[in-house]
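Position 107 of the sequence shown, counting from 1, maps to 107 under this note's numbering, and the rest follow consecutively.
Cβ coordinates follow ideal geometry from the N, Cα and C atoms, glycine included.
For clarity, every value in this text was computed on a predicted model and none was experimentally measured.
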Amino acid sequence: MASAPSFISVPKTPTASFANADATAFKPIYTGGALGSRIDTLFASNSDPANAYVLQLALTKSSVDYVIGEVAVPMGAGTNGSAKSVAVLNQTDIPGLAYTENGALYLEVDIILRARVKSTVAGSNTVQVCGVGGDY
Numbered sequence: 001m002a003s004a005p006s007f008i009s010v011p012k013t014p015t016a017s018f019a020n021a022d023a024t025a026f027k028p029i030y031t032g033g034a035l036g037s038r039i040d041t042l043f044a045s046n047s048d049p050a051n052a053y054v055l056q057l058a059l060t061k062s063s064v065d066y067v068i069g070e071v072a073v074p075m076g077a078g079t080n081g082s083a084k085s086v087a088v089l090n091q092t093d094i095p096g097l098a099y100t101e102n103g104a105l106y107l108e109v110d111i112i113l114r115a116r117v118k119s120t121v122a123g124s125n126t127v128q129v130c131g132v133g134g135d136y
């Protein structure tokens, strides 16, 4: 057990944008820093007024993707003035977060948080992910 509390020393803002050209490929959102990292929150928006999408999250270790959960992102979420953006790191869709401090996601050194949209985003629309976290 640590003799002193450990705090984030380098704030980070992880982001990713998914467009039609990305198809359904995973994209990196955040890579664990030299002393480990913590992601406190991630939220997603969807500019598509006609289609909802499913965002899938995975942790990549030694080139293997370990899926940790999926979150539905409704049509127009966070972009149309009525549907709110989606809290991606929520304990309903990713139950394991219930056992961490404030539902944060902890990453060891070089672990990569990646995401993908499970169906290709239509036309010129985007599904975007943004968050708050940092490195120790």
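Discussion item. With the cut-off set at 7 Å, would you say V10 and D110 are in Cβ contact?
Written reply: no
Worksheet item: Rounded C-beta distance between L89 and T41? I'm assuming under 8 Å.
Response: 6 Å
Fill in: Close beta carbons around P49, own chain, < 7 Å, minus the five adjacent residues each side
Excluding residues up to 5 positions away in sequence, M75, G76, N80 lie with their Cβ nearer than 7 Å to the Cβ of P49 in the same chain.
Discussion item. Taking 7 Å as the limit between beta carbons, can you name the residues of its chain near S17, skipping five residues before and five after?
Written reply: T126, Q128
Worksheet entry | Secondary structure of E101, DSSP reduced to three states | It is helical.
Worksheet item: Helix, strand or coil: which one does DSSP assign to D65?
Response: Looking at D65 - three-state DSSP - the assignment turns out to be strand.
Fill in: Under 7 Å between C-beta atoms of S78 and S45
For the sequence presented, residue 78 should be read as Gly rather than Ser. The answer is yes: Cβ separation under 7 Å.
Practice prompt. Kindly indicate the opening and closing residues of the beta strand (DSSP E) around T41.
Written response: DSSP places T41 in the uninterrupted beta strand (DSSP E) bounded by 37-46.
Fill in: A104 to D93 span [Cα, whole Å]
14 Å
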